[in-house]
Each structure stands twice: as C-alpha cells, then as structure tokens.
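Going down the list, the protein sequences come from chains S and U.
Counting from 1, position 14 in the first sequence corresponds to residue 14 in this note's numbering; the numbering is continuous, with no gaps.
Counting from 1, position 39 in the second sequence corresponds to residue 1039 in this note's numbering; the numbering is continuous, with no gaps.
The C-beta atom is built at its ideal place from N, Cα and C for all residues, glycine as well.
For reference, the structure discussed in these notes is given below.
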Amino acid sequence: MAGPSVNALADRVADKNVASIFIYTHEAHPGENYHHLTSLEQKLQHAHDLRDKLGITRDILIDALDGACHCAYGSMPNMTWIFSRSMQPIYKSDWTDSNSVANAIDYFLDITDRRQNREKLAPFHVERVDYRNADREAFYKGLERNGPKAVEEFRNAIG
Amino acid sequence: MADQDLITRYNYDEFTAEKYQPWMRFNESPALGQPAPDFPLTRLDGSQATLKEIVSSHTYTIAEFGSFT
C-alpha cells in the first residue's frame, strides 16, 4: 500500500477541491493479528488501526461487510479510481501507485484550467501501462504485521 | 440483508488462490467516462455517507480501495 505518498498527494491537491478517500474493503492477507472480517464492528476497528497505526490521513470510509462497493468496482486489493464531479470514473488503476495517481490528477487539473480558459476540448480514451514499486522485501515486512499465517500463505501462493 | 455465504466468501479466511482469485474482477469493472454506481459507506465515527455525495461535491475525487492487511 502506497499510504504515505498518497497522503502527501492528497494534501497537495486538497486546495484544488480534490477529495481523497480510502475505502476499507476486506482483509487481503488475514493473519493472527488481523483476522478475516466477520462483523462491521470489527471492520470499523481495523479501519481505525489503518488510520492510527499505518497513518492513513485521508478520510476512511467503510464499505458494507459484503463488499458491495468494492465488488462493483472490480474488487482488486489495492486499486485507485478517480471520479469527476458527475460520478464518472476518468481513471482506474488495478493497483495503487502514487506517481501514477499524481500524473493523472495533475493532468485532469490542467484540463480544468484549460476549460476555464475557454479551450475547446473533447474526451478520448487512452490505455497505458504504468509501473509500481515491487519491493518484495518491504512487502513481506508489511505482511509480518498481520501475523505469521499471512506471511506463510503469501509465500505458498505467490512465492 | 446481505447473503451470509457471500459475506463469508468475500471475507475469506486464508490467502489461497481458490479463495482470492474469484475476486480479481477488474476487467468487469465500470467503464471510464460512463456514470458509475453509488454505494452507502460508513465513516469512522459511524455516520453514514454515500460515494456519490462525496464525489458530487468535489471537482475530482481520488478513491483508493484497500485494508490494513
């Protein structure tokens, strides 16, 4: 999870009327310290820990226990979406990388400026492959917070 | 009322391919540039919100999905 770097991005663009939220989903790697979810109260507690222990400073909102919102948007473990005011997604990424998100939001803010300068613009679709940090050692350190079970299961499943 | 079996499968108890892979559905997610679905969400203080009410009051909204683990 790219927590601190996305927090910094959120702070940078907040005065441009950009909201940055974190939607709490399900436990991707449950372990002895953070079990799989069985109640909304437990989900709320884990979300508080996300704020207090992992330092997520953005507004955290909890999805329903059945993951209705998460599932409707593709249920990837750490994806990011950007919405326009009209509730249309204009960026979707199956993983979160702060550089990718920053690149996208800066582009869209520039579009807003250009429209305010009466430039005539029309939308088009683009596909692109972006790159995220893939530090496996750091990832395993994160898994250790969840408990040995999470580490062992990831090692068995992915290596 | 949410289906209990769905809740159990979604909140899987172990990270094994047969349990997590069915949820990797990014290719079935909403299209860009089209109206997307709204959902109720709960704030940390327990109050209710919706995705749409947040999105519609900002020029742009960045939404990261994830969890502690």
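Would you kindly check if the distance between the Cβ of residue j and the Cβ of residue i is under 7 angstroms?
i	j	result
glutamate 998 of chain U	threonine 96 of chain S	Since the first and last residues shown for chain U are 1001 and 1069, residue 998 of chain U lies out of range.
methionine 87 of chain S	proline 1040 of chain U	no
isoleucine 60 of chain S	tyrosine 91 of chain S	no
arginine 58 of chain S	serine 5 of chain S	no
glutamate 41 of chain S	serine 1067 of chain U	no
threonine 1069 of chain U	tyrosine 34 of chain S	yes
asparagine 7 of chain S	threonine 1059 of chain U	no
glutamate 153 of chain S	glutamate 1053 of chain U	no
lysine 149 of chain S	glutamate 32 of chain S	yes
asparagine 1011 of chain U	leucine 37 of chain S	yes
arginine 1009 of chain U	glycine 74 of chain S	no
isoleucine 62 of chain S	threonine 1061 of chain U	no
alanine 102 of chain S	leucine 9 of chain S	yes
What's the gap between the Cα of residue i and the Cα of residue j?
i	j	result
leucine 65 of chain S	threonine 112 of chain S	36 angstroms
aspartate 106 of chain S	asparagine 99 of chain S	10 angstroms
threonine 1016 of chain U	proline 1037 of chain U	30 angstroms
alanine 138 of chain S	arginine 145 of chain S	12 angstroms
leucine 44 of chain S	alanine 104 of chain S	30 angstroms
serine 39 of chain S	arginine 12 of chain S	35 angstroms
aspartate 52 of chain S	glycine 3 of chain S	12 angstroms
arginine 114 of chain S	serine 84 of chain S	16 angstroms
lysine 1019 of chain U	aspartate 1005 of chain U	13 angstroms
arginine 155 of chain S	glycine 147 of chain S	13 angstroms
glutamine 1048 of chain U	aspartate 49 of chain S	20 angstroms
proline 1022 of chain U	isoleucine 1007 of chain U	14 angstroms
arginine 136 of chain S	glycine 67 of chain S	27 angstroms
asparagine 117 of chain S	proline 89 of chain S	24 angstroms
valine 151 of chain S	glutamate 119 of chain S	52 angstroms
serine 1057 of chain U	methionine 79 of chain S	22 angstroms
isoleucine 158 of chain S	cysteine 69 of chain S	27 angstroms
What residue from the options has the CA that sits closest to residue i's CA?
i	options	result
valine 1055 of chain U	S:Asp15, S:Trp81 and S:Thr25	S:Trp81
phenylalanine 124 of chain S	S:Glu137, S:Ala72, S:Phe108 and S:Gly147	S:Phe108
alanine 1031 of chain U	S:Ala72, S:Glu119 and S:Val129	S:Ala72
valine 126 of chain S	U:Thr1061, U:Thr1008, U:Gly1033 and U:Leu1051	U:Gly1033
proline 77 of chain S	S:Arg145, S:Lys53 and S:Phe22	S:Phe22
tyrosine 131 of chain S	S:Cys69, S:Lys43, S:Asp49 and S:Ser93	S:Ser93
isoleucine 56 of chain S	U:Leu1044, U:Tyr1012 and U:Trp1023	U:Leu1044
For residue i, list the residues DSSP reports as bridge partners.
i	result
glutamate 1064 of chain U	S:Phe22 and S:Thr80
tyrosine 1020 of chain U	In DSSP, tyrosine 1020 of chain U forms no bridge with anything.
leucine 61 of chain S	S:Ile23 and U:Arg1043
threonine 38 of chain S	Beta-bridge pairing links threonine 38 of chain S to no other residue.
Would a check of beta-carbon distances place residue i closer than 7 angstroms to chain C?
i	result
serine 1047 of chain U	Looking for chain C here will not work: the only protein chains present are S and U.
Between residue i and the ligand SAM, is the CB less than 6 angstroms from at least one heavy atom?
i	result
threonine 80 of chain S	Within the structure as shown, the ligand SAM is missing, as the structure has no ligands at all.
Report back the beta-carbon spacing between residue i and residue j to the nearest angstrom; my notes put them in contact at under 8 angstroms.
i	j	result
histidine 186 of chain S	leucine 143 of chain S	Nothing can be reported for residue 186 of chain S, as the shown portion of chain S is limited to 1 through 159.
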